[in-house]
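The block underneath contains the structure these notes are about, expressed in structure tokens.
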Amino acid sequence: MDSPRAAVVLVGRSPTPALLSALTLGAERLVLVASDGTLPVARRVAAAVESLTDTASVRVLSVGPDPHDFRAAEGALAAVHRSLGGRPWFLDYTGGTKVMSVAAALFHDGALPADRHPSTRRWRHYLDAGRDALRTHDPAWPERPVVTGRVDLRTLARVHGAEWCEDRDPEPVRLVAQGGRQALDARYPNLSPAVRRGVVAEGRVLSHLRRHLAAAPDTEVLGPRRVADPFHADGSIADFDALVRHGHRVLCVEAKTRPGDVVARAGWTVAKARRVFGTAAQVLFVHTGPAVPSLREQITAVNPALTARQVHVWSMADFLGRLTSFDDLRKAFFPPPAPVRAPARQGAGSGPEPPPPTARPRPPARHPGPGARPLLVTSLGGSRLGTLTALHAHRPGRALVLPSRQSVRDHVRESAARTLHAAERPDDPRPDAARLKEAGYRDRVRFTADPVEGSDADAVAAVAVEWLAAEEARAAEARAEGAAAANAEAGAAAAGDAGDGVAPPPVIADITTGTKAMSLGLALAAREVGACVTYQVVHRRSIVCMAHGETALRGRAAVDWPLVLPGYAPLEGPLDARAAPVARTQVDTELLDAARAELTRAASGPVRVWMDASLPDPDASVTAHERPSLVLTFGDRAVGLAAPAWRRVRSPGAEPRPVSRGAWAQSVFAATTHLGVRCDVAGTVLALSRPGADLGRAGELVEWIAHADPREREPGAGLVFGDPLRPLLVAAAPGDLPPLLSTDVSRL
Numbered sequence: 000m001d002s003p004r005a006a007v008v009l010v011g012r013s014p015t016p017a018l019l020s021a022l023t024l025g026a027e028r029l030v031l032v033a034s035d036g037t038l039p040v041a042r043r044v045a046a047a048v049e050s051l052t053d054t055a056s057v058r059v060l061s062v063g064p065d066p067h068d069f070r071a072a073e074g075a076l077a078a079v080h081r082s083l084g085g086r087p088w089f090l091d092y093t094g095g096t097k098v099m100s101v102a103a104a105l106f107h108d109g110a111l112p113a114d115r116h117p118s119t120r121r122w123r124h125y126l127d128a129g130r131d132a133l134r135t136h137d138p139a140w141p142e143r144p145v146v147t148g149r150v151d152l153r154t155l156a157r158v159h160g161a162e163w164c165e166d167r168d169p170e171p172v173r174l175v176a177q178g179g180r181q182a183l184d185a186r187y188p189n190l191s192p193a194v195r196r197g198v199v200a201e202g203r204v205l206s207h208l209r210r211h212l213a214a215a216p217d218t219e220v221l222g223p224r225r226v227a228d229p230f231h232a233d234g235s236i237a238d239f240d241a242l243v244r245h246g247h248r249v250l251c252v253e254a255k256t257r258p259g260d261v262v263a264r265a266g267w268t269v270a271k272a273r274r275v276f277g278t279a280a281q282v283l284f285v286h287t288g289p290a291v292p293s294l295r296e297q298i299t300a301v302n303p304a305l306t307a308r309q310v311h312v313w314s315m316a317d318f319l320g321r322l323t324s325f326d327d328l329r330k331a332f333f334p335p336p337a338p339v340r341a342p343a344r345q346g347a348g349s350g351p352e353p354p355p356p357t358a359r360p361r362p363p364a365r366h367p368g369p370g371a372r373p374l375l376v377t378s379l380g381g382s383r384l385g386t387l388t389a390l391h392a393h394r395p396g397r398a399l400v401l402p403s404r405q406s407v408r409d410h411v412r413e414s415a416a417r418t419l420h421a422a423e424r425p426d427d428p429r430p431d432a433a434r435l436k437e438a439g440y441r442d443r444v445r446f447t448a449d450p451v452e453g454s455d456a457d458a459v460a461a462v463a464v465e466w467l468a469a470e471e472a473r474a475a476e477a478r479a480e481g482a483a484a485a486n487a488e489a490g491a492a493a494a495g496d497a498g499d500g501v502a503p504p505p506v507i508a509d510i511t512t513g514t515k516a517m518s519l520g521l522a523l524a525a526r527e528v529g530a531c532v533t534y535q536v537v538h539r540r541s542i543v544c545m546a547h548g549e550t551a552l553r554g555r556a557a558v559d560w561p562l563v564l565p566g567y568a569p570l571e572g573p574l575d576a577r578a579a580p581v582a583r584t585q586v587d588t589e590l591l592d593a594a595r596a597e598l599t600r601a602a603s604g605p606v607r608v609w610m611d612a613s614l615p616d617p618d619a620s621v622t623a624h625e626r627p628s629l630v631l632t633f634g635d636r637a638v639g640l641a642a643p644a645w646r647r648v649r650s651p652g653a654e655p656r657p658v659s660r661g662a663w664a665q666s667v668f669a670a671t672t673h674l675g676v677r678c679d680v681a682g683t684v685l686a687l688s689r690p691g692a693d694l695g696r697a698g699e700l701v702e703w704i705a706h707a708d709p710r711e712r713e714p715g716a717g718l719v720f721g722d723p724l725r726p727l728l729v730a731a732a733p734g735d736l737p738p739l740l741s742t743d744v745s746r747l
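For the sequence shown, numbering that gives the first Met the number 0 begins at 0 and goes up steadily by one.
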């Protein structure tokens, strides 16, 4: 079997999947493919691979500045294929954009066809993060458990762009870990009681972890570490009390002497842990004193996004009693290793003989415009916005939407039909459900009866091909009926004209939403039927077709915003009058009202204002700082306004307390993520703060969490779309608003 000796791995914003794939595939030659924006990530992965392995050659390649350019991605892969002399190569398409992944997988399949390379499906991989395994496109072939090799905590931090300030544990913690409290008191007799309690707690935690995990395989324990500040020499930007690594997964352990500190620090601790170690990181808080049963609920009340999978809270007694072996650690925090399965036996050869290649139909000569009423197949992902805008972009005669088990499909069909109606009849009033059904719009949008498997590209392709075949049969039957009617009225000649002169509608597969496997499945289906594969570049108001290039969109989608923005309600009057007293403590409602009024006044088109529905609720609004308080929608654009207060209460009735810069930055990033999940690149967040606060340092922390560098933002940069996880920080006062808030968002 012509087993590959080279591997091509796509790299996106997260470096961990690329690093794990490179180590697991273990090829002699490695090519890391990124876009210009993620080249620094790819270079860090390359440096890690070179230091950890004996890989003969590691090369970093860019597809160019636009990661949504199908042709650029294909061109980069074609250059790699030529450089390898046409020999086989592994592909991992986990990283990069969907366009890069789909283009790479289809190119790999075409460059290494199954009739010449029967094992080609086994050479295409993607990372299953839930099972810590590389899966292939051959269901009969076993997945590969990920290999971490000589990966350590420093390596994981480095690939995420973080460096330790020093390698050694601080002396006070070392003394407690090695000799107990007596050793600390002998060396530092004048420590304050509060500092002494904190050092002793950290030392006990570290000593216990090292005692029980020292012999565990592929496991590492470090004491306190500080992360070097990339913006200020000799400074630190984050710290951890103790770190445990097993494989590539990391447990960040924080020791607290007061249970209340856990609630206040949970959000920032998770933010910095994931920034330094990626999404595989978890946080364990260990607090002294008796267990507090409600502590877990208090954390969720302050920040609902902090799930039990991310944040664990144990008392010191629980920690010392429950964690006494590596098995205890793995059961509590890490998934079991992926089972090693033998490949399914299919005879003495390497698999069944592949079917003889058949000529596939080609896409049409020109991209079908909205007037062609094409058949459309697309997915329903976490954000419903992409599905709705697909209908606006293509205006199909009939559409099939494929949901996964994780998709929320409530009211989507009606909203999709309404979006289609608005695209075709922009001057008509907004129809109700009965009118949509009567006019046939509801019947033009279909969902699969059952959810598709979001990680199985072949299953998605099969569902799409089956529906397209049924639609073709239905259309052929309609043409035959038309021919029969024409034959009855005008004779056989006219019947021939009536039946054969009607061409079947073109087909479009829009891969903008859903998982990458779903997008690839739709692209595979499109290839089978000669359809166009398209991706919406929302921030440029265009669609990119794999066969025909980029085309500008006509008009703006009439988005059903209540569907896209769950948890928000229309706001007519001032926010300050609607918000509960607790909400006015958590967020700066006066500043939010002023910014909203200025953006509304500057808009040349209609503006709708949506309020976080929790703000009037005295209990629920305690978490208001974790979400955009207002969302302004300008057609198919959304601007979130967030103004977390610098003094907040932790529960209704409590006294306001100052907020650290890290906690403020984490709130801004939580609000940004909240809007990003719903609107993706069609949304952006403005984070507002009054002059006088330490916004400069808080802004650096926000940019650091977002994997951005504030020095790279152009001076005077305006309000833009396209980078939904990078908020724009604005210093403003209600009577002194900056020019940025006079932007006409309706024209963006």
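Each residue gets a CB set at the ideal place from its N, CA and C atoms; glycine is no exception.
- Of the candidates A300, H247, T306, the residue whose Cα lies closest to the Cα of H624 is A300.
- M545 sits in coil when the DSSP states are folded into three classes, being neither helix nor strand.
- When DSSP states are grouped into helix, strand and coil, R308 belongs to the coil group.
- Annotation for K271: A237 place their beta carbon closer than 7 Å to its own, counting only its chain and skipping 5 residues before and after.
- Close CB contacts of A215 within its chain, under the 6 Å cut and outside five residues either way in sequence, are with F325 (chain order).
- A residue is called buried when at least 16 other Cβ atoms come within 10 angstroms of its Cβ; S666 meets this threshold and is buried.
- Around the C-beta of E702, 16 or more other C-beta atoms lie within 10 Å, and the residue is accordingly described as buried.
- Under DSSP, M610 shares a beta bridge with A568, L629.
- In this structure, S378 sits near T512, with a CB-CB distance shorter than 9 Å.
- Annotation: the continuous alpha helix (DSSP H) that includes C678 extends over 660-678.
- Taking 9 Å as the cut-off, the beta carbon of T154 is found no closer than this to the beta carbon of L126.
- Rounded to the nearest whole angstrom, the CA to CA distance from D233 to S191 is 26 Å.
- When V400, Y440, V269 are compared, the shortest CA-CA separation from G380 is found for V400.
- For H245, the enclosing beta strand (DSSP E) stretches over residues 241-245.
- Unbroken beta strand (DSSP E) runs of no fewer than 3 residues, entirely contained in the segment 11-59, are found at 28-33, following chain order.
- Taking 8 Å as the upper bound for CB-CB distance, L574 and S620 are not in contact here, some 12 Å apart.
- Selection G548, C251, L740 evaluated against A364 yields G548 as nearest (Cα-Cα).
- Between the alpha carbons of E597 and G682 lies a distance of about 18 Å.
- Short of 6 Å from the beta carbon of D91, and not among the five residues preceding or following it, lie these beta carbons of its own chain, in chain order: V8, S20, H124.
- For L718, same chain residues with a beta-carbon under 8 Å away, outside a window of 5 residues either side, are V638, T683, L685, L727, L739, T742, V744, L747 in chain order.
- Selection V680, S50, V59, P737 evaluated against S382 yields V680 as nearest (Cα-Cα).
- Around M517, the same chain offers S378, G453, V459 as residues with beta carbons nearer than 6 Å, after the five sequence neighbours per side are excluded.
- For the options G695, P690, A670, V282, the alpha carbon positioned closest to that of L724 is the one of A670.
- Taking every protein chain shown into account, the CB of A176 has 16 or more other CB atoms within 10 angstroms, so this residue is buried.
- Taking all protein chains in view, the Cβ of V252 is crowded by 16 or more other Cβ atoms within 10 Å, so the residue is classified as buried.
- For F446, the beta-bridge partners assigned by DSSP are V400.
- Distance from the CA atom of S13 to the CA atom of A438, rounded to whole angstroms, is 46 Å.
- Membership of A279 in any beta strand (DSSP E) is not indicated, and neither H nor E is assigned to it by DSSP.
- Around the Cβ of R244, a 10 Å sphere holds 16 or more other Cβ atoms; the residue is buried.
- Excluding sequence positions up to five before and after R86, its CB lies within less than 8 Å of the CB of D1, P3, R4, A5, all in the same chain and listed in chain order.
- In this structure K330 is exposed. Its beta-carbon is surrounded by fewer than 16 other beta-carbon atoms within 10 angstroms.
- Counting other Cβ atoms within 10 Å of its Cβ, V676 stays below 16 and is therefore classed as exposed.
- Around the beta carbon of Q181, fewer than 16 other beta carbons sit within 10 angstroms, so the residue counts as exposed.
- Excluding the 5 residues flanking it on each side, V249 has same chain C-beta neighbours closer than 6 Å at F276, A280, in chain order.
- Residue state for F230 is assigned as coil, using DSSP reduced to three classes.
- In summary, H231 is exposed, with fewer than 16 beta-carbon neighbours lying within 10 Å of its beta-carbon over all protein chains present.
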